[in-house]
Amino acid sequence: MMDVELCFEDGANEQRRLALPAEVGRAPEAHLQLKGWRVARRHARFERRAAAVFLEDFGSLTGTLVNGQRIAQYGPLAVGDQIVIGPCLIRICGLPAGGGPAAADARPSTHAGEPGDAIDSSLAALGPGTAAPGDARQAAAMLQHRKRLHAALLDALDLRRRDVSSMSDAALREEAMAALGALIAQDDTLPPGVDRGRLLADVVDEAVALGPLEPLLADPAITEIMVSRHDEIFVESNGRLARHHSGFSSEQAVLGVVERIVSPLGRRIDESSPMVDARLADGSRVNAVIAPIALRGTCVTIRKFPANRLGMDDLLRMDALSEAMATFLSHCVRLRKNVIVSGGTGSGKTTLLNILSNCIPEGERIITIEDAAELQLRHSHLVAMESRPANLEGRGRIDVRDLVRNALRMRPDRIVIGECRGGEAFDMLAAMNTGHEGSLTTLHANSPRDALARLETMILMAGMELPLAAVREHIAGSIDFIVQQARLGDGRRKITAIVEVTGLESGRIQTQELFRYMRGPREGYTGCGVLPESFTDDAGRPLLPAALFSQGGQA
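Here the sequence shown is numbered in the numbering used here, starting from 1 and rising by one per residue.
This is the structure in structure tokens:
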């Protein structure tokens, strides 16, 4: 028999005695039945092997944690071990005679508070009897020390009972460094060769800053950071994804970092609102998803932006477009043409929108509207507005569409919308048609034709109950050019096409391609030899030289 204490999320406690082998799950026939969406029908099993008690997870989606580490198999169990399955913490209170870690033929176990804690559990996926590499065992041991010191530091600072909002980041960090330094100085369980200065910095970063994300954010070569769960971090560098060796010490540490990101922005993330968009102080875009939506743990995605604002010359140097395309796009913005930047996720739409916005002449009043502020315009006469989610009572929500309507009353010369996702597309096109030419925006689409179809769908989403013919006429009369952006398989970002919207014919929006990016053996940019209809004066003479649109594309 095995004695356990069950501690539930609602505060209920229960003592149980289980006969081995014992299955844990949601099914009625389980020896220990637990309810909740995080518990599988057959979740895990306790069984006795060679006078010791082992725990095996049946491959459940949300997993089984032993002493804070997700396991596939673990053992031998010892009194005091803590097992988390769904909403229940199972604490081992008593084991059958001979069922402890001292059994002669049992695999050595490591437990919280002892040297080498959680090494076997963190490597459980290797299977019983598999020798762990020395560096992996050392990393697992240091992870446990970090977790222990992190909890001790939070207790020492007692952040819950203090108003840290009135403290500067530097003051809070200084106090945390002093408190943790005292804790480390009194700690006699740390290995003798450990770098205590590095350990102190890592734990303080995790407690009052962004933890292992700090060095990744400081690395200019990394463009995107993806936390899949607390111990899994991937980064994008030079267009390629790779697993990074760093990780958080626990799920609570990730949640703490997310809270520190979203709280200063007046946003929230909790079980009732498990998704949030936010930004960092340097303008990097942050998306976070927590349970119950994120089944494997808190997921954080950070899109970094260059510290130095890019210009058109930088795009030319990276071969993202040709000189003819750069000249043409600059003229489009200066001559107040309505431009949409279309592309897939991570293709560089926002970067291009930033660069195009900076081609707007000085002296014009610009209003930017975004879900999460990312644009970094250099203009002196700039008004930036950001949407707002609902508060705890479900009130106070302000959509992008509300901001677009309000912007029309603010005497704008240009309206720049970070991204069109819904009904605001109708109000944006209405503004373009009513004296606010030269507006810019982005949207998700894989081709210029798909971009037009998405615009139609978004306008219909606005609930105006317009016939499709009227919607298409509205689009054809508002949009001048579509710039298609793409990220290639090798990570390079290119402008693959520039298309002019020429009008409506037989109920279909007509377009003509001005520039395209050719793939294959003859890779490169080429003009299509067509002069844009909107670049003519009153006498019908072209405003730009025809050579700009030739196959050579140079004027």
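Glycine residues also receive a C-beta, built at the ideal position from the N, C-alpha and C atoms.
* Is the segment 331-343 touching the segment 475-482 in the sense that three or more CB pairs, one from each, lie closer than 8 angstroms? -> yes
* Asked: Which of the three DSSP states, helix, strand or coil, is assigned to Pro215?
  -> Numbered from 1 along the sequence shown, position 215 holds the residue referred to as residue 215. In the structure shown, Pro215 sits in a helix (DSSP, three-state: H, G or I).
* Asked: Assuming Leu180 contacts Val203 under a Cβ cut-off of 8 angstroms, what Cβ separation, rounded to an integer in Å, is found between them?
  -> Indexing the sequence shown from 1 puts residue 180 at position 180. Indexing the sequence shown from 1 puts residue 203 at position 203. That pair is a contact at about 6 angstroms.
* **Per DSSP, cross-strand counterpart(s) of Arg279** => Locating residue 279 in the sequence shown gives position 279, counting from the first residue. Per DSSP, Arg285.
* His474, enclosing alpha helix (DSSP H) - first and last residue -> Within the sequence shown, residue 474 is the residue found at index 474, counting from 1. It spans Leu468 to Ala476 - the alpha helix (DSSP H) in which His474 sits, taken as one unbroken run.
* For the putative contact between Arg41 and Ala27, defined by C-beta atoms under 8 angstroms, what is the C-beta separation to the nearest angstrom? -> For this step, residue 41 is matched to residue 41 along the sequence shown. For this step, residue 27 is matched to residue 27 along the sequence shown. At roughly 4 angstroms, the Cβ-Cβ gap stays under 8 angstroms, so Arg41 and Ala27 are in contact.
* Asked: Residue range of the alpha helix (DSSP H) that Met312 falls in?
  -> Start at 1 with the first residue of the sequence shown, and residue 312 comes out as number 312. From DSSP, the alpha helix (DSSP H) with Met312 extends over Met312 to Arg317.
* To do: Kindly indicate which three-state DSSP category Met226 falls into: helix, strand or coil?
  => Taking the sequence shown and counting its residues from 1, one reaches residue 226 at position 226. Three-state DSSP puts Met226 in a strand.
* Can you grab the Cα-Cα spacing for the pair Val235 / Ala50, in whole Å? => Position 235 of the sequence shown, counted from the first residue, corresponds to residue 235. Position 50 of the sequence shown, counted from the first residue, corresponds to residue 50. Near 44 angstroms, if we compare the C-alpha coordinates of Ala50 and Val235.
* Determine the DSSP secondary structure at Ile119, reduced to helix, strand or coil. => Reading the sequence shown from its first residue, position 119 is the one you call residue 119. Reliability fails at Ile119, whose pLDDT of 37 lies under 50, so the model's placement of it is uncertain and the value that follows must be treated cautiously. Helix at Ile119.
* Met2: buried (16+ other C-beta within 10 angstroms of its C-beta) or exposed? -> Numbered from 1 along the sequence shown, position 2 holds the residue referred to as residue 2. Buried, by the Cβ-count rule.
* Chain-order list of residues whose beta-carbon lies under 7 angstroms from that of Ala536 (same chain, five-residue window excluded) -> The residue labelled residue 536 in the question sits at position 536 within the sequence shown. According to the sequence displayed, residue 536 carries Thr and not Ala. If we look at Thr536 and ignore the five residues flanking it on each side, its Cβ neighbours are Pro542 and Leu543.
* **Extent of the continuous beta strand (DSSP E) run through Asp3** => The residue labelled residue 3 in the question sits at position 3 within the sequence shown. Per DSSP, Asp3 belongs to the beta strand (DSSP E) from Met2 to Phe8.
* Cross-strand partners of Met458 (DSSP beta bridge) -> Position 458 of the sequence shown, counted from the start, is the residue given in the question as residue 458. Looking at the DSSP assignment, Met458 forms no beta bridge with any residue, so it has no partner.
* Shortest alpha-carbon distance to Tyr74 belongs to which of Val53, Gln15 and Val416? -> Along the sequence shown, one-based indexing puts residue 74 at 74. Closest by alpha carbon: Val53.
* Asked: Since Asp371 and Val404 are thought to touch, with beta carbons under 8 angstroms apart, how far apart are those beta carbons, to the nearest angstrom?
  -> Your numbering for residue 371 matches position 371 in the sequence shown. Your numbering for residue 404 matches position 404 in the sequence shown. At roughly 12 angstroms, the Cβ-Cβ gap does not stay under 8 angstroms, so Asp371 and Val404 are not in contact.
* Check Pro264 in the structure and name its three-state DSSP category. => As a position in the sequence shown, residue 264 is number 264, starting the count at 1. Pro264 falls in the helix class under three-state DSSP.
* Could you give the C-beta distance for Ile302 and Val286, rounded to a whole number, given that I count them as a contact under 8 angstroms? -> Translated into positions along the sequence shown, residue 302 becomes position 302. Translated into positions along the sequence shown, residue 286 becomes position 286. Indeed, because the Cβ distance is near 5 angstroms, the residues count as touching under 8 angstroms.
* If you draw a straight line from the C-alpha of Ile367 to the C-alpha of Ala425, how long is it? -> Translated into positions along the sequence shown, residue 367 becomes position 367. Translated into positions along the sequence shown, residue 425 becomes position 425. Approximately 16 angstroms, taken between the alpha carbons.
* Where Asn338 sits in the DSSP three-state scheme -> For the purposes of this step, residue 338 is identified with residue 338 of the sequence shown, where counting begins at 1. Coil.
* Please list the segments of the alpha helix (DSSP H) lying wholly inside the segment 314-395, counting only runs of 4 or more residues, in order along the chain. => 323-334 and 349-357
* Close beta carbons around Arg146, own chain, < 8 angstroms, minus the five adjacent residues each side -> As a position in the sequence shown, residue 146 is number 146, starting the count at 1. Here the set comprises Leu199, Asp202, Val203, Glu206 and Ser249.
* **CB of Pro306 within 8 angstroms of CB of Pro292, strictly** => Here residue 306 corresponds to residue number 306 of the sequence shown, with the count starting at 1. Here residue 292 corresponds to residue number 292 of the sequence shown, with the count starting at 1. No, Cβ-Cβ distance for Pro306 and Pro292 is not below 8 angstroms.
* To do: Classify Arg17 as buried or exposed, calling it buried when 16 or more other Cβ atoms lie within 10 Å of its own Cβ.
  => By one-based count along the sequence shown, residue 17 stands at place 17. Arg17 comes out exposed.
* Among Gly524, Pro389 and Gly63, which has the Cα closest to the Cα of Asp277? -> Mapped onto the sequence shown, residue 277 falls at position 277. Of the listed residues, the one whose Cα sits closest to Asp277 is Pro389.
* Rounded C-alpha distance that separates Asn354 from Ile233 -> Start at 1 with the first residue of the sequence shown, and residue 354 comes out as number 354. Start at 1 with the first residue of the sequence shown, and residue 233 comes out as number 233. Looking at the two C-alpha atoms, the distance is approximately 29 angstroms.
* To do: Drop a sphere of 10 angstroms on the beta-carbon of His150, count the other beta-carbons inside from all chains shown, and report buried for 16 or more, exposed for fewer.
  => Looking up residue 150 in the sequence shown gives position 150. By the 10 Å Cβ count, His150 comes out buried.
* Asked: How many Å lie between Leu154 and Arg148 at the Cα?
  -> Here residue 154 is taken as the residue at index 154 of the sequence shown, counted from 1. Here residue 148 is taken as the residue at index 148 of the sequence shown, counted from 1. Their backbone Cα atoms lie some 10 angstroms apart in a straight line.
* **Bounding residues of the beta strand (DSSP E) (the contiguous stretch that carries Ile13)** => Residue mapping note: residue 13 aligns to position 13 of the sequence shown, counting from 1. One point to set straight first is that residue 13 is Asn, not Ile, in the sequence displayed. That run of the beta strand (DSSP E) goes Asn13 to Leu18.
* **Neighbourhood of Ser272 by C-beta, 7 angstroms cutoff - its chain only, sequence neighbours within 5 removed** => Taking the sequence shown and counting its residues from 1, one reaches residue 272 at position 272. Nothing listed; no residue qualifies.
* Asked: If we call anything under 8 angstroms between Cβ atoms a contact, is Leu216 one with His245?
  -> As a position in the sequence shown, residue 216 is number 216, starting the count at 1. As a position in the sequence shown, residue 245 is number 245, starting the count at 1. No; because the gap between Cβ atoms is not below 8 angstroms, this pair is not in contact.
* Asked: Do Gly423 and Met385 have their C-beta atoms closer together than 8 angstroms?
  -> Residue mapping note: residue 423 aligns to position 423 of the sequence shown, counting from 1. Residue mapping note: residue 385 aligns to position 385 of the sequence shown, counting from 1. No, the pair does not count as a contact, with Cβ atoms beyond the cut-off.
* **Which of helix, strand or coil DSSP assigns to Leu443** => What you label residue 443 is simply residue 443 of the sequence shown in a count that begins at 1. Three-state result, Leu443: strand.
* Alpha-carbon spacing of Ile269 relative to Arg414, whole angstroms -> Looking up residue 269 in the sequence shown gives position 269. Looking up residue 414 in the sequence shown gives position 414. For Ile269 and Arg414, the distance between alpha carbons rounds to 34 angstroms.
* Nearest CA to the CA of Glu174: which residue from Ala209, Leu190, Thr189 and Arg411? -> For the purposes of this step, residue 174 is identified with residue 174 of the sequence shown, where counting begins at 1. Of Ala209, Leu190, Thr189 and Arg411, the residue nearest in Cα terms is Ala209.
* To do: Rank Ala546, Ala430 and Ser506 by C-alpha distance to the C-alpha of Phe515 and give the top, closest one.
  => Translated into the one-based positions of the sequence shown, residue 515 becomes position 515. The option with the nearest alpha carbon to Phe515 is Ala546.
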